[in-house]
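Enquirer:
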């Protein structure tokens, strides 16, 4: 008998020298006991629990897990705003929009066919500075005022302005920041 319960992940082979004696004769024999690997360990989540992802896209990152028994692992997600495929690729079901929702929380379930574990994850959506081109036409010798930032996602404290002309005839122009 074993002095402690054998565990394949710790030691998978035991060897011993056995001697049998009937009082008169004895015989000695080497024996080997091979421990059979059972699926007795749960998978372990090994990737970060926090992710950052830019808004206006679906890609987030990859979740990973290991299994001490060497079994293949699969991933599931409990909510309906995120998805995860068999390789652990984590994504938004629809492109994230920082102005609508900036933090997502969900639970990843890792399975090895028999055992499972779960891990809560958090995704922080990054707010992107989005500029849209402004175009205007004006008759010669006239003044025009364009609010160049009115249709843009402006992050506090950030401004961007480029002035160009198809005829390179911008002889006078000015810029004022309303903030």
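Residue numbers (my numbering): -13 to 165. Ideal placement from N, C-alpha and C gives every residue a C-beta, glycine not left out. As the structure is a computational prediction, the values presented were derived from the model and not from experiment.
Am I right that residue 90 and residue 106 are in contact with their C-beta atoms under 8 Å? What's the rounded C-beta distance?
Expert: Counting from one through the chain shown, the residue named residue 90 turns up at place 104. Counting from one through the chain shown, the residue named residue 106 turns up at place 120. Actually they do not touch by this definition, with Cβ atoms about 11 Å apart.
Enquirer: If I measure Cβ to Cβ from residue 93 and keep anything under 8 Å in the same chain, skipping five residues before and after, which residues do I get?
Expert: To locate residue 93, count along the chain shown from 1; it is residue 107. Around residue 93: 63, 64, 65, 104, 105, 106 and 107.
Enquirer: Taking residue 87 as part of the beta strand (DSSP E), name the residues at either end of that continuous run.
Expert: On the chain shown, position 101 is the one that residue 87 refers to. Taken as a continuous stretch (DSSP letters only), residue 87 belongs to no beta strand (DSSP E), as it is neither H nor E.
Enquirer: Determine the closest residue to residue 170 out of 19, 6 and 45, with distance taken between C-alpha atoms.
Expert: Lying before the first or after the last residue shown, residue 170 is absent from the chain, which here runs from -13 to 165.
Enquirer: In its own chain, which residues sit with a C-beta less than 6 Å from the C-beta of residue 45, not counting the 5 before and 5 after it?
Expert: By 1-based counting over the chain shown, the position of residue 45 is 59. Counting only Cβ-Cβ distances below 6 Å, and skipping sequence neighbours, we find 77.
Enquirer: Using only alpha-carbon positions, find the residue among 84, 88, 49 and 85 that is nearest to residue 69.
Expert: To locate residue 69, count along the chain shown from 1; it is residue 83. Comparing Cα-Cα distances from residue 69 to each of 84, 88, 49 and 85, the minimum goes to 49.
Enquirer: For residue 7, count neighbouring Cβ atoms within 10 angstroms of its own Cβ and tell me buried if that reaches 16, exposed if not.
Expert: Counting from 1 along the chain shown, the entry for residue 7 is found at position 21. It is exposed - the Cβ of residue 7 has fewer than 16 other Cβ atoms within 10 Å.
Enquirer: If I'm right that residue 5 touches residue -1 with Cβ under 8 Å, what's the distance once you round it to whole angstroms?
Expert: Position 19 of the chain shown, counted from the start, is the residue given in the question as residue 5. Position 13 of the chain shown, counted from the start, is the residue given in the question as residue -1. Residue 5 to residue -1, Cβ: 20 Å. No contact.
Enquirer: Beta-carbon within less than 8 Å of residue 74's beta-carbon, same chain only, minus the 5 sequence neighbours each way: which residues are those?
Expert: What you label residue 74 is simply residue 88 of the chain shown in a count that begins at 1. For residue 74, where only same-chain residues beyond five positions count, the Cβ hits under 8 Å are 33, 48, 49, 50, 51 and 61.
Enquirer: Identify which residue in 22, 83 and 53 has its Cα closest to the Cα of residue 98.
Expert: If you number the chain shown from 1, residue 98 lands on position 112. Of the listed residues, the one whose Cα sits closest to residue 98 is 53.
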